[in-house]
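Asker:
Protein chains in written order, with the numbering used here: chain A, 83 to 1049; chain B, 627 to 815.
This is the structure in structure tokens:
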């Protein structure tokens, strides 16, 4: 090909011929015969057009390694062009010498140009090829359509190219008129091309339109370039050329003033693109812990990394929750609310004052911590605070609702996105192929993990084969059944036992609390949390031991294990909540007593001091001395905070003891121990992805539950997550070994999300229940004095909004409107569900159809092949005198036809066009099964007319005629 | 291209960003890692080529059973020795990056699995593929009976036009429905 370009440029051939050469090359290269034929027509048309315009041209003189037909065609065109040459030869003669010197200088430029054209062609080809490959699997009719489409597209592109050329010619004419001595075209064109001066006013609107299209196409190409499976060099060249092209012709597209604007617009889009790219870079640079996670990913595979990604995601959610509570609740109250010590609820009571600053008390979130913005009780019920009248109670309520609403939104959105990504994941039809093609985790960079992965892949293969054969025999089905029942019974016992234990402990702690916490030991005070954490730590281990009884497949066993841990945590949490409800009821009884006492106390106060003179200044009592109610909301908040703290502590301690200490012991005692510690019993621990994820999920559930009563919870959780990110990253890298069974991450992703959603629902239930049903304490919290907490909404509506608004609101909340609305939603859900169901059914139908068609095709092919073989044998007998080369020719043609037949007889274009290796490779198979379905179709055994007829058809193109008849 | 200094030229950096799925940082990191693989005198070479053996020492590729195939597929070297230039290396990372499309990933996966480079996955390719996946050791190998069964099952599922081989479009069809191909077909530096 380089020779080609050289020759053309040296001889000042017109661009048209050059272009033809490129086409020839490409055609030859791709062996696309059918398409080439089509294109031939186009090309010849181009050439004729050329001559009409009296373009002077010279022919290519070098002999190339092209197919003979092509050289012939060129010869023909040369002859035709010869005539035109006569007319211009005189003119040309003078210029020859000068031109040749110039040609040398422009040679390189021309080379570039040639390459550009070629690239363009290549691009078209690439696209067409891609199209054809994509279309291949679709139903046959669809395939045909697509083929035609792509053919059309190609034609269009050719047209666009033609326009480009025409335009160049125009420019040339312009140049000739202005500078008569440089009328020679080849050079001229180079100059025009290189100085890049485009004169839009000389272009007709439709040519402009086409040019615009070409430019747009180039732009599209630039954008899609990264998605092309080409080597970088090719992409680079294409990119540079397309950019050059776009730059050169883009400016030409506007006129006058519009041109400037257009150029400006182009510049701005360029800048914008660059900015976007930089922003993308910035965004990825901003994702925290990316490198840490990648490191873990390469050591432990994607499943362990998925835990850390989940952790990071949790962190981001908690960040938002923290932002909400901190910015809208805690900070306003701290800055603009009444200061500490101004009112009773903001002051440590006299009785507690002595030990309020002790660390032990603070650690329990009593003392000063209890009477601070961290807890519900501190907030005042003043309707508006600060100089810009911040509606504190309303904000508190809305933030509580917003936290939950935001969490729901995020979880559901993530779930939907995951579901979209995994697509039709439950489709089981490619079970084996997926195991084969997608089971390797390319992220694994650790030899040990790789070994484990090899083993797990092998077992999965073996299992799949066994399952497929269904020859698996259970050795003793009764024993396994018995063991499984036993195991479940044991697990149920464990669950019930842990539930009772928690209930017992919580009741006991209430008794302690009534006695006064000071009289009890540390253990008795923290019994509830410790018991819960310990249960959460040891029960899963117990379950693990029990599950060995069951002899399940590991994946099933994992699911059971997860389910049991889930049940355990949930049971514990709910027992805790039920016990807490009991505590709330106790507190409320206490509150009634206190309330009565306070009225008595106040009365006695006024009676004692102020009865004589009502105008005397009211006696000032220090707020610390004022008697106050128990404030059950703060109590609930405190319980949750303590729970979180102890949970965090146990997690970290287990991590340190269970992982780090174990690893240290195993490592250093191994030298002086009687058995191999590393390989034997204790060994190193594995990272327990599912357990950790469950822990995280339940932790989050507690946050959601308690956040309303303790605004500090998101902040605490944020801290905890931050620390565990670093701690667990470190622990995993330094003292864990890769899992023996490497599970894939993606399958479980939505499973975890679903669990999170369930937990979110279950944890908002009690919170909402308490908010809706229990009246708030009378002397603490932002809602004190109200009958219910949500009354704050009504109050705001009445006092802060115009009357009509509250009227509208009351109408809208009228059951007559709400009920139809709910009904409508239910109907919409029903409708959507039924449509999705029908889509699924349609999918199954289509799949069936596809399979049927496949089978049918197969059958047909087989029959045809059989018949054809018989025919061919007969034909051979009858026409034994035909020469060997003829038969060869024949075979090749038939092969082609058989090819077409297989793809449902309409793919002629497609196969000719598609250079994909599949076709090329398929061909060698055909002689075995095929020779010539066409005979079969003719139904003419040993057709004597047939072979000789074939003999005459030396050009492959002609052989399509009979097949056309057939269709 | 053609930048021999340890720093990439600004132009080519932006071009690489345009042409790959990598971010600027990733390209720079790749460049650093790539130059680390070169000898001192090789660094002055205009377009240095790292032989396959050296590329395979990268920890990211070391334990990958398809490492030689990956090098061979992405290599543009004429003598098919699997050596990579920096641009080939970028191509590799781009195809294996997080944001690469399913289409390009499956295309390259197909070429990696196509051991004899004939454009289809036939029985020989599949057998080699299974052997790669099950590792070198004896105890993880499948018996020939199992292998035969496995391959026939795979062909049953994915060979839609029933020609005894899996071609690119069939392969892409199968892959596109897999839930975890995109997430596992990844290599990050």
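C-beta: ideal position from N, C-alpha, C; glycine also.
(1) Please confirm if residue 610(B) has its CB atom under 7 Å from at least one CB of chain A.
(2) Against chain B, does residue 512(A) count as a neighbour if the rule is that its beta carbon must be under 7 Å from one of theirs?
(3) Along chain B, which residues have their Cβ under 9 Å away from the Cβ of residue 359(A)?
(4) Measure the beta-carbon distance from residue 387(A) to residue 378(A) and round it to whole angstroms, keeping in mind my assumption that it falls under 8 Å.
(5) For the alpha helix (DSSP H) containing residue 435(A), name the first residue and the last one.
(6) Alpha carbon to alpha carbon, how far is residue 637(B) from residue 806(A)? Give it in angstroms, no decimals.
(7) Can you pull the chain B neighbours of residue 378(A), defined as C-beta to C-beta under 7 Å?
(8) Return the residues of the stretch 798–815 of chain B that lie within a Cβ-Cβ distance of less than 9 Å from chain A, sorted by chain order.
(9) Please state if the CB of residue 385(A) and the CB of residue 525(A) are separated by a distance shorter than 7 Å.
(10) Going by the beta-carbon positions, is the gap between residue 591(A) and residue 617(A) smaller than 7 Å?
(11) Roughly how many angstroms separate the alpha carbons of residue 531(A) and residue 743(B), rounded to a whole number?
(12) Run down chain B in chain order and give the residues with a C-beta less than 9 Å from the C-beta of residue 897(A).
(13) Throw me the rounded Cβ distance for the residue 392(A) and residue 808(A) pair, which I believe falls under 8 Å.
(14) Excluding the five sequence neighbours on either side, which residues of its own chain have a C-beta within less than 7 Å of the C-beta of residue 629(A), listed in chain order?
(15) Can you tell me whether residue 733(B) is buried or exposed? The criterion is at least 16 other CB atoms within 10 Å of its CB, across all chains shown.
(16) With a floor of 4 residues, list each alpha helix (DSSP H) that falls wholly inside the stretch 574–657 of chain A, ordered by position along the chain.
(17) At least one CB of chain B closer than 7 Å to the CB of residue 564(A): is that the case?
(18) Pick helix, strand or coil for residue 768(A), following the three-state DSSP scheme.
(19) Let me confirm a value: residue 740(B) is counted as buried when at least 16 other C-beta atoms fall within 10 Å, else exposed. Which label applies?
(20) Does the structure place the stretch 785–798 of chain A close enough to the stretch 722–731 of chain A that three or more beta carbon pairs sit under 8 Å?
(21) Where does residue 814(B) sit, in a helix, a strand or coil, going by DSSP?
(22) Considering only the alpha carbon of each residue, which of 367(A), 538(A), 841(A) and 951(A) lies closest to residue 875(B)?
(23) Can you find the residues in the same chain that come closer than 7 Å, C-beta to C-beta, to residue 24(A), ignoring five residues on each side of it along the sequence?
(24) Check whether the Cβ atoms of residue 363(A) and residue 649(B) lie closer than 7 Å to each other.
(25) Which residue comes first and which comes last in the alpha helix (DSSP H) that contains residue 869(A)?
(26) Got a sec? Which residues, its chain only, sit under 8 Å from residue 667(A) by beta carbon, not counting five neighbours each side?
(27) So is residue 428(A) buried or exposed if we call it buried at 16+ other beta carbons inside 10 Å?
(28) Measuring only the C-alpha atoms, how far is residue 790(B) from residue 514(A)?
(29) Does residue 793(B) come out as helix, strand or coil in the three-state DSSP assignment?
(30) Taking 6 Å as the cut-off, is the C-beta of residue 806(A) nearer than that to any heavy atom in the ligand SAH?
(31) Is any beta-carbon of chain B found at less than 7 Å from that of residue 371(A)?
(32) Identify whether residue 818(A) lies in helix, strand or coil by the three-state DSSP scheme.
(33) Taking residue 321(A) as the query, report the chain B residues whose CB atoms sit under 7 Å from its CB, ordered along the chain.
(34) Compute the distance between the beta-carbons of residue 540(A) and residue 807(B), then report whether it is under 7 Å.
(35) Over the uninterrupted alpha helix (DSSP H) stretch that includes residue 956(A), give me the two end residues.
(36) Would you mind sorting residue 714(A) into buried or exposed? The rule is 16 or more other CB atoms within 10 Å of its CB.
Answerer: Judging by the given coordinates:
(1) This structure cannot settle anything about residue 610(B), because the visible part of chain B is limited to 627 through 815.
(2) By one-based count along the first chain, residue 512(A) stands at place 430. With 7 Å as the cut-off, residue 512(A) counts as an interface residue toward chain B.
(3) Along the first chain, one-based indexing puts residue 359(A) at 277. Within chain B, the residues near residue 359(A) are 640, 643, 644, 649 and 650.
(4) Your numbering for residue 387(A) matches position 305 in the first chain. Your numbering for residue 378(A) matches position 296 in the first chain. 5 Å between Cβ atoms; contact.
(5) Residue numbering aside, residue 435(A) sits at position 353 when the first chain is read from its first letter. Unbroken run through residue 435(A): none, as it is neither H nor E.
(6) Here residue 806(A) corresponds to residue number 724 of the first chain, with the count starting at 1. Here residue 637(B) corresponds to residue number 11 of the second chain, with the count starting at 1. About 42 Å.
(7) Walking along the first chain from the start, residue 378(A) turns up at place 296. Near residue 378(A) there are no residues of chain B at all, since even the closest Cβ is about 11 Å away, more than 7 Å.
(8) 798, 799, 800, 801, 802, 803, 804, 805, 806, 807, 808, 809, 810, 811, 812, 813, 814 and 815
(9) Taking the first chain and counting its residues from 1, one reaches residue 525(A) at position 443. Taking the first chain and counting its residues from 1, one reaches residue 385(A) at position 303. It is not a contact, given that the beta carbons lie outside the stated cut-off.
(10) As a first step, residue 591(A) must be located in the first chain, where it is residue number 509. As a first step, residue 617(A) must be located in the first chain, where it is residue number 535. No. Outside cutoff.
(11) The residue given as residue 531(A) occupies position 449 in the first chain. The residue given as residue 743(B) occupies position 117 in the second chain. Whole-angstrom Cα-Cα distance: 29 Å.
(12) Position 815 of the first chain, counting from 1, holds the residue named residue 897(A). None at all; the shortest Cβ gap to chain B is about 45 Å.
(13) Locating residue 392(A) in the first chain gives position 310, where the first residue counts as 1. Locating residue 808(A) in the first chain gives position 726, where the first residue counts as 1. Wrong, their Cβ atoms sit about 16 Å apart, outside the cutoff.
(14) Locating residue 629(A) in the first chain gives position 547, where the first residue counts as 1. Only 569, 639, 642 and 643 meet the Cβ criterion.
(15) Here the question's residue 733(B) lines up with position 107 in the second chain. Its Cβ being crowded by 16 or more others within 10 Å, residue 733(B) is buried.
(16) 604–607 and 609–632
(17) Residue 564(A) sits at position 482 when you count from the first residue of the first chain. Taking Cβ atoms only, chain B never reaches closer than 7 Å to residue 564(A), which makes this a no.
(18) Locating residue 768(A) in the first chain gives position 686, counting from the first residue. Three-state result, residue 768(A): strand.
(19) Here residue 740(B) refers to the residue found at position 114 of the second chain. Classification of residue 740(B): buried, given that the 10 Å Cβ count is 16 or more.
(20) yes
(21) Taking the second chain and counting its residues from 1, one reaches residue 814(B) at position 188. Coil at residue 814(B), not helix or strand.
(22) With chain B covering only 627 through 815, there is no way to say anything about residue 875(B).
(23) Residue 24(A) lies beyond the residue range present for chain A, which begins at 83 and ends at 1049; the question has no answer from this structure.
(24) Sequence index remark: in the first chain, residue 363(A) carries index 281 (1-based). Sequence index remark: in the second chain, residue 649(B) carries index 23 (1-based). Yes, the pair counts as a contact, with Cβ atoms nearer than the cut-off.
(25) Walking along the first chain from the start, residue 869(A) turns up at place 787. Unbroken run through residue 869(A): none, as it is neither H nor E.
(26) If you number the first chain from 1, residue 667(A) lands on position 585. The answer is none, since no qualifying residue turns up.
(27) In the first chain, counting from the first residue as 1, residue 428(A) sits at position 346. Buried is the call here.
(28) The residue labelled residue 790(B) in the question sits at position 164 within the second chain. The residue labelled residue 514(A) in the question sits at position 432 within the first chain. So the alpha carbons of these two residues sit roughly 16 Å apart.
(29) As a position in the second chain, residue 793(B) is number 167, starting the count at 1. In the structure shown, residue 793(B) sits in a strand (DSSP, three-state: E or B).
(30) Among the ligands in the structure shown, none appear at all, so the ligand SAH cannot be discussed.
(31) To locate residue 371(A), count along the first chain from 1; it is residue 289. False, the Cβ-Cβ gap to chain B never drops below 7 Å.
(32) For this step, residue 818(A) is matched to residue 736 along the first chain. Strand.
(33) The residue you call residue 321(A) lines up with position 239 of the first chain. 641, 644 and 645, listed in chain order.
(34) As a first step, residue 540(A) must be located in the first chain, where it is residue number 458. As a first step, residue 807(B) must be located in the second chain, where it is residue number 181. No, the pair does not count as a contact, with Cβ atoms beyond the cut-off.
(35) Against the first chain, residue 956(A) aligns to sequence position 874. Its alpha helix (DSSP H) spans residues 897–960.
(36) In the first chain, the residue the question calls residue 714(A) occupies position 632. With 16 or more Cβ atoms within 10 Å of its Cβ, residue 714(A) is classed as buried.
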